[in-house]
Structures are given as C-alpha cells and as structure tokens.
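In what follows, a structure is listed as structure tokens, so that the remarks can point back to it.
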Amino acid sequence: MLQPVRQFKPRAIYPPIPAKSALGQYMTPPNIAMFMASLFSQNQGSMYLLDPGAGQGALSQAFLSRWKEGGLSFQDGCLDAFEVDPQMLSLCRRNLEEDRAALPLSVNVQHGDFIEHAVSKILRQQRPYSHAILNPPYKKISSCSHHRTLLRDVGIETVNLYSAFVALSIAMLAPRGQAVAIIPRSFCNGPYYRPFREFILKNTSILHIHLFGARNKAFKADNVLQENVILMLERDAPQGDVTISTSTDDSMYDYMAIPHSFGNIVYPSDPEAFFHIPTNGDDIPAHPKALSCMLAEVGLEVSTGPVVDFRMKEYLRSMPEDGDVPLLYSAHFKGDGEWPIAGFKKNNAIKHCPETVKWLYPNGYYVIVRRMSSKEEKRRIVANAVVPSRFPGMDWLGFENHLNIFHSRRQGISENTAHGLAAYLNSSLIDSMFRRFNGHTQVNATDLRSLPYPSRKKLDDLGQWAKGQAVMEQEAIDRMVENILK
Ligand SMILES: C[S@@+](CC[C@H](N)C(=O)[O-])C[C@H]1O[C@@H](n2cnc3c(N)ncnc32)[C@H](O)[C@@H]1O
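Residues 247 to 732 (my numbering) are what the sequence shown spells out, left to right.
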C-alpha cells in the first residue's frame, strides 16, 4: 500500500475575490492560490515570476506571500503579470503594491494581450522565467483567428486559450524553471489536445497533478462546469514519479498525495499520449503487464456508428419492411436485447439500397459501446456483443451514430472475441482506467482506441467463458478478467 507523501494545510484565509464571467474571469479561490504557490520547490537565487492573465493578482499574491513568510528564500526577484482587462489591471497593480514594497522585487503589471507579448518574446528566443503561476482564461481559439496564426508562428498548435497560455509559459521557462497551472481536465484526452500533451511531454517533466474530487466544488463561487486539475511542470528535467494529490474541494480538508510511476499515467504504448489521472486516494492497481497491446495489434478497429438518422430520414422505417435491415440504437441492447421494439420512438430499420449500403455492416459478431452515458451510471463504458442470430434472415446491419462499433476491416469478428471483448470492456478495471483520463460522460472511438488491450488469445479465452453465462454479474466479470490477465 502506498503511503500519502504529505498533507497540505492552508495557512490563512484571504478575503473572497469577486468573479466575473466575461473574458473567462474565474478568479482563483484563496486556498487554491496558496496551494498552488506551495508546490514550487525552486527557491534559491534570483527569481523571475510570470503570471499571465493575472486578473486581480491572486496567484502572484499567494506566491509572494509565501516568500514574505519565509517559505521561499530568493535573493531578489522580478514579476511580469499580464492582463487584458483595464479594470482588473488597476486592481492587480494595487493588490501587488504592498508586496513590491515589502520584498526586493520589481513588478511589471503589463496591459495587453499575453499571447502577443509571449510570441514576440519567444521569436526573440527569450526564456527568462524561473517560475510561472497561472489560471488562464478558457475559450476556444477558432482555426482562422489572429491568436491561432500567432501561435503557429512559434510552433504551438492548440485549440483553447488555456492550453495556449500554458504552452507559451512553458516555452518561456528557463532550464529547470517550474510552472504551476490550474486548467480544465479536458486536455487529458481527445485528439484536439494531442499536440498540447505532446508539447508538455517533450519540454517538461510532470512533477505533480492535483485533482479535485467533485464537480464544480473547486470553483463553487463561480459555478464553473468543468473539472479542474492543477499541473506542476519542470522545464527540461528528467521524468520521475508523479505525485498525484486529491481533495474534494478548495478547503483541502481531505488533501491526500501519493507518488505514482509515470508509466501508469501516460502509457508508453499510447500513440494518443492520454493522461490517466487516478481519481481517488486508494491504492491504484498498476497497469497490468498483460495489457500490452494496442487495439490494432489485436487485429481490431473501432468506429463511430455511421448512420446519422436525421440525415437519412427518407431511408428509415419505424418497422422493417421487405428489403429493410436492422438500424440499431443503444435501446436495442437494454436487458436481454430486443429488436424490433414495438412502439419505438426512433426507427427500427433502414432500407438496404445502393444509397445506404456504404453505411451498413454485414451481419455478424461485433461489440458496441454507447457514446453517451450519464454521470450517475455505475460504469462509463457499457459494452454489448452483437450476435447475428438475433437478426435472422438479415444480411446487413445499420449502426446509429450514438454507438461505437468494434469490427475488423468493417467485417464481423469471431464469436469468442466479441464476447471476450464485451466482458473486458465491462470490467471494473477498464472503468477505473477510463475515468483516469476521461472526466466527462462521452465515450469516443479515440478514447476506446487509446485503452490497452490483452492479446487476442486472452480475449478469446475470456469470450469462451462469457458466452456460456446466462447472467453476467460484475463480480464474476472482474474475477475472470483478473484471472486471465495474471
Ligand atoms: C481565469 S482568469 C484568472 C485570473 C487570475 N489569474 C486568478 O487566478 O484569479 C483569467 C484572466 O485572464 C485575462 N485574460 C483573458 N484573455 C487574456 C489575454 N489574451 N491576455 C491577457 N489576459 C487575458 C482575463 O481578463 C482574466 O482576468
């Protein structure tokens, strides 16, 4: 059993900071600002701190107050804070005045767009900062915007202001400079953030990740509907274990921190470089050695259901008629499974004709996983084997767009593989792995592709067992998966 490495106790409570939703102005609550400042371990010599999107200066204040109280021992320092909103800017200048007077410190609170400032600095190859602390704005960057063009000029390809601010800050860190950022968890998975994840992995080592246990709690005053993580990174440092800490909310009353091996967080075999963050302080099962295959190595593929019903209305039927084939939704897999469903609100069938055939799969064994689950559901991934004998006389099947389908080159797979894969995906092991990188309720084909899989032989052995079970209890699935992975 791994032991917690440290407890964090907030030292003082600052007055609450008002929040405003324009410009992504979600101010960092005081305890979180103090926690973020407490993470820095570089505390010698001259310091040069960056605070991009500084708002009223809460993060710089927390950092400087740690220095004033003796928690950091720099000889002298310099602070660059950037803020685009003039109102915030004057509050920030006022709030930092006291620290400036009390410390051997020069303070530059600069008005303007941080992205423009940073890009011009990076183009001049300036990397002056020893520390960066940030709670950046969250907003999509459209593909043809001024910001996107500027970012491309310095080789940063990203889709949101928050990842842009973090990448630019990393790019301006001196060797062994440290950055602490609070950002949404959405960057951990998904194809759009892959270049950002790769940028982090290429330029920094991850020292610490803090996860808030409950939705909305970290920013309860601002009602931000995002799960947030705090990342601590060090520029050009060798990657060692990563400290993962958790707390339910910003009071940090139940703070726990545990070291984890890096290979359990970013799997070495994962081409998508997803970040798997353990969700609680329990002993986390290591990524089992028997799970060493990527999906393609097992000879399988996963795709999104190709039938988008509202675009193909003219070919859909509520009940099958001559020449029609099944159109499958998740409802058809509830309980023991039923098709066609009498009185179904959607359509049970799709016409088989030259216009639709490219959207259809030959009838056979497949595995489907719903793309949407609700937060309350016990497992995020709910998988079902598709069994061809349920559709007698049907040569083709249509899969609706809210399903993911496992197949092999758009053909069916073997009976044992289908049953084994469905059981494996329904295991608690997969559920805990999935929750570590996916904080939301969507399950996309890319997510499923990034999971590790056992060998085809092990899947088939599992399927041999699974197809003989009348009812599949969770406990039995978990026991079998554990046995097979030994
Ligand atoms: C999420 S708030 C965080 C403020 C502060 N760092 C804190 O932690 O309380 C982000 C801040 O970035 C500022 N901002 C938004 N876009 C900006 C830009 N392009 N350049 C500089 N600041 C920006 C907003 O006005 C806002 O004050």
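Ideal Cβ placement from N, Cα and C applies to all residues, glycine included.
*Is Thr395 near ligand 1, judged by its Cβ being under 7 angstroms from some heavy atom?*
Not so, every heavy atom of ligand 1 lies at least 7 angstroms from the Cβ.
*In terms of residues, what are the limits of the alpha helix (DSSP H) holding Lys704?*
Per DSSP, the unbroken alpha helix (DSSP H) holding Lys704 starts and ends at 702-712.
*From Leu285 to Leu396, what does the alpha carbon distance come to, in whole angstroms?*
Going by the C-alpha atoms only, they are around 31 angstroms apart.
_Judging by CA-CA distance, which residue of Met273, Glu646, Arg443, Val548 is the nearest neighbour of Gly301?_
For the set Met273, Glu646, Arg443, Val548, the Cα lying nearest the Cα of Gly301 is the one of Met273.
_Neighbourhood of Ala427 by C-beta, 6 angstroms cutoff - its chain only, sequence neighbours within 5 removed_ = If we look at Ala427 and ignore the five residues flanking it on each side, its Cβ neighbours are Leu380, Val412, Leu477.
*Taking C-alpha atoms, which residue in Trp605, Gly666, Glu403, Ile596 lies nearest to Gly714?*
That would be Gly666, whose Cα lies nearest to the Cα of Gly714.
_Residues bridged to Met618 [DSSP beta-bridge criterion]_ = In the DSSP secondary-structure assignment, Met618 is bridged to Gln688.
*Got a sec, what are the start and stop residues for the alpha helix (DSSP H) Gln356 sits in?*
It is not in any alpha helix (DSSP H) - Gln356 instead sits in the beta strand (DSSP E) that spans 351-357.
*Alpha carbon to alpha carbon, what distance is there between Phe637 and Asp487?*
Approximately 51 angstroms, taken between the alpha carbons.
*Is it true that the CB of Pro374 sits closer than 8 angstroms to the CB of Gly299?*
No, Cβ-Cβ distance for Gly299 and Pro374 is not below 8 angstroms.
*asked:* Once DSSP output is grouped into helix, strand and coil, what is the label at Ala716?
replied: The three-state reading of DSSP puts Ala716 in coil, since its state is none of H, G, I, E or B.
*Taking only runs that begin and end inside the segment 284-361, name each unbroken alpha helix (DSSP H) of 4 or more residues, in chain order.*
The qualifying runs are 304-314, 332-348.
*So, Asp322 versus Leu296, is the Cβ gap smaller than 8 angstroms?*
One thing to note: Asp322 has its Cβ no nearer than 8 angstroms to the Cβ of Leu296.
*Helix, strand or coil for Asn769 per DSSP?*
What the structure shows of the chain is the stretch from 247 to 732, and residue 769 is not part of that stretch, so it cannot be assessed.
*Closest by C-alpha distance to Tyr612, when choosing among Pro698, Leu457, Thr550*: Among Pro698, Leu457, Thr550, the Cα nearest to that of Tyr612 is on Thr550.
*In or out: Arg557 buried (at least 16 other Cβ within 10 Å) or exposed?*
Around the beta carbon of Arg557, a 10 Å sphere encloses fewer than 16 other beta carbons of the protein chains shown; the residue is thus reported as exposed.
_CA-to-CA distance, Glu403 to Gln307, given in whole angstroms_ = Distance between the alpha carbons of Gln307 and Glu403: 31 angstroms.
*Taking three-plus beta-carbon pairs below 8 angstroms as touching, is the segment 659-676 in contact with the segment 602-616?*
Touching, yes.
_Using only the alpha-carbon positions, how far apart do Val689 and Leu337 sit?_
Looking at the two C-alpha atoms, the distance is approximately 43 angstroms.
*Once you ignore the five residues that flank Leu318 on each side, which residues in its own chain have a CB closer than 6 angstroms to its CB?*
Spatial neighbours of Leu318 in its own chain (CB-CB distance under 6 angstroms, excluding positions within 5 residues in sequence) are listed in chain order as Asn289, Arg312.
*At a cut-off of 7 angstroms, is Tyr744 close to ligand 1 when judged by its beta-carbon and the heavy atoms of the ligand?*
Nothing about residue 744 can be read from this structure; the chain reaches only from 247 to 732.
_Tell me the DSSP secondary structure of Gly666 in three-state form._
Reduced to three states, the DSSP call for Gly666 is helix.
_Under the three-state DSSP convention, the category His598 falls into_ = Coil at His598, not helix or strand.
*Assuming Val632 contacts Ala595 under a Cβ cut-off of 8 angstroms, what Cβ separation, rounded to an integer in Å, is found between them?*
Not confirmed; about 16 angstroms, so no contact.
*Helix, strand or coil for Tyr260 per DSSP?*
Any answer about Tyr260 is weak, because its pLDDT of 35 lies below 50 and its placement is not dependable; what the coordinates show is given next. Here Tyr260 carries a coil assignment [DSSP, helix/strand/coil].
*Taking buried to mean at least 16 other C-beta atoms within 10 Å of its own C-beta, is Asp500 buried or exposed?*
With fewer than 16 Cβ atoms within 10 Å of its Cβ, Asp500 is classed as exposed.
*For Cys434, name the three-state secondary structure that DSSP assigns.*
Cys434 falls in the helix class under three-state DSSP.
*Candidates Asn474, Pro517, Glu584, Ala378: which alpha carbon is nearest Leu447's?*
The residue with the shortest Cα to Cα distance from Leu447 is Pro517.
*Do Asn662 and Met640 come within 8 angstroms of each other at the CB atom, strictly closer than that value?*
Cβ atoms of Met640 and Asn662: not closer than 8 angstroms.
*When the Cα atoms are used, what is the spatial distance from Asn474 to Glu623?*
Straight-line Cα distance between these residues: approximately 21 angstroms.
*Determine, using beta carbons only, whether Thr489 and Leu453 come nearer to each other than 8 angstroms.*
For Thr489 and Leu453, yes; Cβs fall inside 8 angstroms.
*asked:* Pull the bridge partners of Lys624 from the DSSP assignment, please.
replied: Bridge partners of Lys624: none, in fact.
*Residue span of the alpha helix (DSSP H) that contains Tyr408, given as start and end*: Annotation: the continuous alpha helix (DSSP H) that includes Tyr408 extends over 407-417.
*Determine the direct distance from the alpha carbon of His522 to that of Gln371, and round the result to whole angstroms.*
Their backbone Cα atoms lie some 33 angstroms apart in a straight line.
*How about Phe645: is its Cβ closer than 7 angstroms to a heavy atom in ligand 1?*
Phe645: no, Cβ never under 7 angstroms from ligand 1.
*asked:* In this structure, how does DSSP classify Thr489 when only helix, strand and coil are distinguished?
replied: Here Thr489 sits in strand by DSSP.
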